[in-house]
Amino acid sequence: MLKTRGSFLVDATGFDAWALTLAVFLPAVGALVMMVVPRARELELKMIALGSSLAALAVGVYLLFAFDYGNAGELQFGVHKGWIDAINADYILGLDGLSLPLLILSMVIIPLCVIYSWEHIPEPGNAKAFFILMLILASGMNGTFVAQDLILFFVFFEVVLLPMYFMIGVWGGENRRYASLKFFLFTLFGSALMIVSFVALYFVATNEAGTALNTFNMSELAEAAGGDLARGTQAIIFAGLFMGFGIKVPMFPFHTWLPDAHTEAPTVGSVILAAVLLKLGTYGFVRIALPFLPEGAAAWAPWIGLLAVIGIIYGALGCLAQTDMKRLIAFSSVAHMGFVMLGIATLTPIGINAAVFGMVAHGIITGMLFFLAGSVKERYHTLEIGRLGGLLKSAPRMGWILAISAMASLGLPGLAGFWGEFPVILSAYNPGAGLSEELFRTYMVIAAVGTVFAAGYLLWLFQRSAFGEPKAEWEGHAIADVNRFEWAAWMPLILAMVVFGFFPGLIFGVVDDVSVGIAESISAAVGGS
Amino acid sequence: MLLNQFLLLGALLFAVGVYGVLARRNGVMVLMSIELMLNAVNLNLVAFGLQHDVVSGQVFALFIIAVAAAEVGVGLAIVLLLYRNRRSIAVDEFDLMKG
Amino acid sequence: MNLGALVAFVRPELDWHALAPELTLLAVGTLVTVADIALDDKAKRMMPTLAGIGLLITLVPILTLAADGAERSMFGGAYVVDDFSLVLKALFILAGYVVVLMSVDYVREGDYYENEYYTLLLTSLLGMVMMASSRDLVSVFVALELLSIPAYMLAAWRKGGPRSNEAGLKYYLMGVFASAVMLYGMSLVFGVAGDTDFGTISEALRGEGASPIVIVAILFVLVGFAFKVSAVPFHTWAPDTYEGAPTPVTAFLSVASKAAGFVALLGLVFVAFEGAADVVQPFFWVLAVVTMTVGNLIALRQTNIVRMLAYSGVAQGGFMLVPFAVAFEGDAWTVPGAGITTTVLPSAYEAVIVYLIIYAFMNLGAFSVVLAVARRTRSGEIDSYAGLFRYAPGMAVLMTVFLASLAGIPPAGGWFAKFVIFRTLADASTPAGWVLAAIVAVNAVIAFGYYARVLVQMWFEPVPETVALGVDASGDAEDELADEPAEASANDDGGFVATETRQQTMVAFTPGPIPMTGALAAALAITVVATMALGVFPGLVSHFGEVASFYLGG
Amino acid sequence: MWILENAFLIPLIPAVSFLVILLFGRSVIGAERVHKVGITAVGIVWILSMIAAVSWITQVEDATSSKADDAEHALVSVNEGLSASGSGAVDGDLYLAAEDDGHGSDDGHGYAAGPDPVISTADGWWSSGGIDFAVGTLVDGQTVLLLVVVTSISLLVHIYSSEYVKGDRRFVHYYAFLSLFTASMLFFVMAQNLVQMIVGWELVGVCSFVLIGHWWEERPNTDAAVKAFLTNRVGDIGLLVGVAILFGTFGTFDIDSINRAVGEMGSEVHFAMLMASIALMAAVCSKSGQFPLHTWLPDAMAGPTPVSALIHAATMVVAGVFMIGRLYPVFFEGFSIGTSSINLMAFIGGFTALIGAGLAFAQWDIKKVLAYSTVSQLGYMVMALGVGAWTAAMFHLFTHAFFKACLFLGAGSVSHAAHHTFDMREMGGLRKYMPHTYKTFVISTLALAGIFPFAGFWSKDEILLGALKGQESRYLLMLVFGCVVALLTAAYMTRVIWYTFWGEYRGHGHPHESPKVMTVPLWILAVMAVVAGAFNLPTPVLELFGLERFAHLVQTYAEPTHYLNAIGLSHPGPEWEMAAAGLVLALAGIAITFMYYWRNTGPHGLTERNRYAKAGYTFLEQKYYLDHLYTDIVVGSIKAPIARAANWVNNNVIDLVVNRAGEGARDSGRWVYRWIDQGTIDNTVNALGSGADAGGQGLRVMQTGKVQNYGSLLFGTAAVVAIVFVIVL
């Protein structure tokens, strides 16, 4: 069969050639080391976990400095080695403006989670296994964000499943069996259809000239931008990807696994799930679905937009219905990811930028909120909003952090959340690729209404849990305020909320080139046919 | 050439064998019925061999006869074993495992 | 007619190098038997070692042949040694070796005829090795029987155990019945083609088209092998036999003999029956769908781990059948050398082989874990795996790897097996193919449902106080109680759920490390390393697939 | 001019003081001394603002003095430190060239071509779609006006609070957020682009949320806070959508460019502008307490009184008015103010003014009276903008800030004296105990009532003028509204004076005058209430004293002439009759009330005797049943008889629309969650699972365990398949 080994990414040299590989596999190495350390020696185990995750983060910091922001649209730190010659799948890693923020996000979240769980490993304990799973997760997530070969991407995409499954199932809450299995089956189903679409792409994707590419190399497929594929074919293949990524996001109506998984998962599990795992889906849309199948995207965009706005309102209503703090936050994810998907559906650079910003912002904010929920649960042994109250009095610092996070989450300007929502609304006014303006302007208004709901349930949550006098039943209990591990784990997130709120350019500047490229290729492809 | 007659006879034998296998409860009888089926096959092979005027048909038949002998040997051994353990060789009584 | 011409006998040319693997196996088998007769009991403890070493030695000629690389053909093309056959011979030998490792302690601790066991195992392997080279109905038939007959006896090997006996009986009766049907089909094929070697048959069928006799002939032949690979609805023997037979034998059947069946199918379908594509492909389409779906669904309801693995094996077989459904959807290409043009889909061919190799290791691995765990729990119930992660984390992780692999989750090997299936369908890119792809996807999800049940027990559940005394894994223990009339009466209530009518004795359970033995450890090591390696570097196995597919040239 | 180009320092300083107070307030500085930090910071900012005002005025002088070369001059002076992306000054001279002719009004005072706004931007705040969005400051007359107002009031409130809030449980937080509010408000008024405007808009909202809920232990306060925030979010839908429309139309957030572009394109973009205006109007309604979203403002009085003075009277609530003025070309085009004789903005403004004034009568809580008065006055300003009287609106904003702040602080002083009650029924006769408060309060009242020569008179007069003859066609309805409101305002304020300061003291304890630190700010504000009017005296008045050159200061220095020229706005000259009429109405209002209370003439107890009057009174008392109306709509029940409804509303007086809307949404949320999510979608998923399970169970029938059944199955299948194939193929 025809083999294309050419790639559009420049192979890096020296340490740069190793940077991404290290970034991906350092946590895995840490996990391997931990496996041989006996369970009894907990401190060493924790140290290894923290060390390896920090080592990965260190690489991340190096990447931040070495990254050439001048051409963030290009893949950098490229690695291109043979992997599975028979099916023409290679080991290709690359980093561009789209991957960078998400990669760093997942690199930051993991050590924070390690620190947070330093002293409270959830029931039934066993720090060793817990941290090993966390590290495997880290490798999988980092890998997904930098993989530039569809098969490699798929492998990393799947690697995160089992660890999260066990994390929910072993350390989860009452209903953990159900939740974990649901999470797993949903994602597995999606990814099965996704891989079908991948191989379909391999065989049907052509370049402009119409000659088959027969490659899994993502940069080549993106370059071809669907080639001369018929709109119908593209739409069908896109459907497979849509299932794969849409379930992961999750989009209405595939969202039902999310609240269960979030609610049952241990605190750090929810944090990782919310902060990074959900982003794999949206990232897939931006990285794979849109550029590879521009016309398919154009054909699906109205429906994606529709599901997105439904998700926004629906998620908000779901939140209002909740009496459990954690479940409320979980549902809010549905709404926020709705904004992200709406941004993507507009097929405009502004929308895509906003979507990526939304991913990062949601990762930071919702992650923070789940941390808080975990700590509240630890102190009150309940998350019933009705039973909480007076948090500002009994634990003022935590109350204020909750306030900031809630404000950020409801999209207050000056905090990170705003930049994931407002530009989306902007972009929906003028959708790209010849999409119906009336339709998307309607979506715009609905989305704007969604922001009010967001304010509604978050303020309601805050008022009930933080304002007022502490409930009588907590008289005896001393509700401890934020302890030092929590400070260590939370400070970075809080700072990030504020910093990104005031300097959105930090992310927009990096992503912009990529999203402009994507949007242009889409409009070119759609206009061209 | 009497090919069709041979084939019909073969088919008949085969059908009888199948019936025996599926209907008889006695293990030994089941084995015998299988022998019938195999002989039907042999008949076919020889007939076709003649028609095509090649030797491989007969050769095939010889192989089958030999192998069948071995098979029946094993089969009878198993039936004996069962009889030793269960005092019965009614094949439909053996359903400890199902579902 | 001129009988003289027919009977004129020419002594065939023998290529001893080509036959070296088979001869080695034969020699080892004989050696084991002779040693058993000659030596005293102390020396008999050497038998498994002897068998194992013998198998490893058998690899040597295979490697030399592979290095040599020349394609060797004997007996008028009835027996061919080429890359394809070598790859699969190596696979059979390795699988056999792992089975031997699994058997050592199991056989020794139960009251079995130890040496004959290995003799039979080796004989059966010999049949498989021959199967890999057979290119002629006769040799296929001989190889098939050679590998089956010892297997019948092995299934019934626990002579005291009614379940084992029943397993043997069912396997035997169904086996011979199926082969009788198959033979009838073969005779018709012979009638149509006028000769028994694949090449001739292929050409004849090209000309013939789908006449009724051809249809009946082909279907009967395929049914024979569909039985061998336990495809629904010809699978019915498999669960009972697997459950009843000694666990190593079950592993052997579920991997090696199934593989042998697929090898034969590859030869028959891709070469001999190409002319009858419009019979073969629809048949396999239906067969594949029914097999994986039914296998998966029933597996969901199993409570006995061996039985669950049996049904999982059925479903896996369904996945392996998928490529046959699009075997001839490729673009027309000319076979190098032979000069005939064909539309055979090479990737379909590779897919089957790749799947076989990966499946062999992960399934053997799963069975090894079952064996090992049973040494502690004395039970075969899935519930008995509760809390395994608490008291034997290593074993739990191993099992997780194998199950994940079976479910097709990266980075364990299974994902690549599933992937090549999808790839084949995409390559064919026919409507039927796409539909099949969707069905496969759904089934992949269902499959995880029952693998997860084991994972849940191992990871999420606390250690139980008591466990149900198992069906098979614990040796003969439960067979005594199986003899009690209570059991028989329990069966007459018409309830079809064996696991609900089965009388179970709960015995106290004390958790603790799994008592390991060197051989078992070796088996686990080999399988887990292979599984992970194939997952992370699928290049290895896919390379074999490519190599093997050159066989299509012959 | 330095300060104009580096105006960002002005919001920066209070922002820093916010951080300092919040982080080091308790630990380093000491809780009881934090107010010094705040006061210092705001003091500095006040000075800077004054400098800014002066330097802007000089700039205008330069611009107007020599028109010929001032285009270049303005450009040169302005363009220093400008970014390419930011200012429209490049095509500014085009507008300067377009000199006014014909726009001149009776007194011949047309537009002097003012300078372009001073825009300094820094690139790369954020960038999207290849467009680089800058952050920066836009300083022009309007900004400077607001700078002066905000910093002055804020400073005084800071000082006043140091006594009023002394010893509060959250003294530190109080000052921290007072600083933050000041910073946000200043940031808002000098926003160079719409995004900054939104940021400021929301930040002041949050500050008001925090300060309303300052005493969050009590549920009513938090309810009020949440309600305020949510109502504003509702308006923000409009803001976001409006901004989106503007961006979508002009492809920029730059306020200056947008204003100029509207002037250029005119009717091309009429429809888009109409949509944008309607959307933005919603935002104005929520922020500036316009009908029908005004209901949060009275509740906001739950916050500390100085906060009410600063945020809910003088500054934050005028943000909406400010935004209209800022984007005036948009609204002018959208609502075609120049040509119509009634439009949405004018009507909403006028109507709000009317109902606000009406509601003020029925209140017993002095702060609520003032709150409704604020609503009414804001309505006045919006109405002014609606009828095209830009200057009048800004002028009224300016004057109103002072006397309304004075009134609130006065009310605070009163309650400070009368044991923290705001109920006028527990006051009375206080003029004897607290003369300073009394005097200042009366002065501001006169100003508010619009009595010559107090500040309110001048600004109100200009508004009425605008309605009378501002544009091509007169806004008669608005004129009527204006006049009626003038009467009512005077009346209800007199009522307040009566209940609070006259008669006998009805409260308990011994009221006492507040300390200097509270009265001094009162006096300052009172003085401003007197003189503030002088800033925009019409020419004819000043001719009497030969001081023409001091005429129309606000008009001259505050108007963004380069926009208003483009849209063609004209100024009415003064009308003695109009002024007289306004004055008479106000006096009449006072007179009636005076007779009613002091001379005790008039239909006393009418509301008890006459049921129509009673009904009317109840109607007012219940705020026109607006909240109840909303509630019914939202909850969807049928409306009950008036009396029971009144009673009902009384019991749930704080339980207002937003909370109810919230509950409604929560109910529907529960419904969706229970029936759609868990009921339908989730069940489908689970059903699939159990279905597969059951299927497996059923299929096991196949496995009878009897070998011969297996055999028949095998052979049967083979045979059947064979037959099928033979038939099919």
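Protein chains in written order, with my numbering: chain A, 1 to 529; chain B, 1001 to 1099; chain C, 2001 to 2554; chain D, 3001 to 3729. Positions of the beta carbon are idealized from the N, C-alpha and C atoms, including for glycine.
Compare the C-beta of Ala3687 (chain D) against all C-beta atoms of chain C and say whether one is closer than 8 angstroms.
no
Comparing C-alpha positions only, which one of B:Val1091, B:Val1016 and B:Asn1042 sits nearest to Leu1062 (chain B)?
B:Asn1042
Quick one, are the C-beta atoms of Ala519 (chain A) and Ile304 (chain A) less than 8 angstroms apart?
no
Compare the beta carbon distance of Ser106 (chain A) and Ala138 (chain A) with 8 angstroms and say whether it is the shorter of the two.
yes
Would you please verify whether the beta carbon of Phe2234 (chain C) is less than 8 angstroms from any beta carbon of chain D?
yes
Please classify His3512 (chain D) as buried or exposed, where buried requires at least 16 other C-beta atoms within 10 Å of its C-beta.
exposed
For Arg2163 (chain C), would you say it is in contact with chain D, using Cβ-to-Cβ distances shorter than 8 angstroms as the test?
no
Alpha carbon to alpha carbon, how far is Val2536 (chain C) from Leu3019 (chain D)?
53 angstroms
Local conformation of Leu1096 (chain B) per DSSP, three classes:
coil
Considering Cα atoms alone, identify which of D:Phe3187, D:Leu3522 and D:Gly3129 is closest to Gly414 (chain A).
D:Phe3187
Contact list for the segment 2205-2219 of chain C against chain D, Cβ threshold 8 angstroms
Ala2210, Pro2212, Ile2215, Val2216 and Leu2219
At a CB distance below 9 angstroms, what residues from the segment 2076-2100 of chain C approach chain A? Give them in sequence order.
none
What is the rounded straight-line gap between the Cα of Gly3242 (chain D) and the Cα of Ser3127 (chain D)?
21 angstroms
Buried or exposed: where does Ser2474 (chain C) fall if 16 or more other Cβ atoms within 10 Å of its Cβ makes it buried?
A caution first: Ser2474 (chain C) carries a pLDDT of 39, below 50, which makes its placement in the model unreliable, though a value can still be read off. Label assigned to Ser2474 (chain C): buried.
Can you name, in chain order, every residue of its own chain whose Cβ lies under 7 angstroms from the Cβ of Gly2317 (chain C), other than the five neighbours on each side?
Val2229, Ser2230, Ala2231, Lys2258 and Thr2291
Can you tell me whether Asn430 (chain A) is helix, strand or coil according to DSSP?
coil
Uninterrupted alpha helix (DSSP H) stretches inside the segment 2081-2150 of chain C (no shorter than 4 residues):
2083-2109 and 2114-2133
Using 8 angstroms as the threshold, is the C-beta distance between Ser197 (chain A) and Leu135 (chain A) below it?
no
Near-chain B residues of the segment 3700-3721 of chain D (beta-carbon distance less than 8 angstroms), N- to C-terminal order
Arg3700, Gln3703, Thr3704, Gly3705, Lys3706, Val3707, Gln3708, Gly3711, Ser3712 and Phe3715
Which residues in the same chain have their Cβ closer than 8 angstroms to the Cβ of Trp2237 (chain C), if we skip the five residues on either side of it in sequence?
Lys2170, Tyr2171, Met2174, Gly2175, Phe2227 and Ser2230
Taking the C-alpha atoms as reference points, what is the distance between Glu2480 (chain C) and Arg2206 (chain C)?
A caution first: Glu2480 (chain C) carries a pLDDT of 39, below 50, which makes its placement in the model too unreliable to give a value.
Does the segment 3515-3524 of chain D come within contact of the segment 3431-3449 of chain D, defined as at least 3 CB pairs closer than 8 angstroms?
yes
Cβ of Thr530 (chain A) within 8 angstroms of Cβ of Asn88 (chain A)?
What the structure shows of chain A is the stretch from 1 to 529, and residue 530 (chain A) is not part of that stretch, so it cannot be assessed.
In angstroms, rounded to a whole number, what distance separates the CA positions of Phe502 (chain A) and Ile3119 (chain D)?
20 angstroms
Exposed or buried, Gln1005 (chain B), counting other C-beta atoms within 10 Å across all chains shown (16 or more means buried)?
exposed
Starting from Ser3120 (chain D), follow its DSSP beta bridges and name the residues at the other end.
D:Thr3137
Closer than 8 angstroms at the beta carbon, the chain A residues around Asp2383 (chain C):
Result: empty, since nearest Cβ-Cβ is about 14 angstroms, beyond 8 angstroms.
Contact criterion: CB-CB distance below 8 angstroms. Does Val3269 (chain D) meet it with respect to chain A?
no
Mind listing, in chain order, the continuous alpha helix (DSSP H) runs of no fewer than 4 residues lying wholly within the segment 157-187 of chain A?
161-171
Can you tell me where the beta strand (DSSP E) with Gly78 (chain A) in it begins and where it stops?
Gln76 to Ile84
At a CB-CB cut-off below 8 angstroms, which residues of chain B make contact with Lys2228 (chain C)?
Chain B residues near Lys2228 (chain C): none, gap ~15 angstroms exceeds 8 angstroms.
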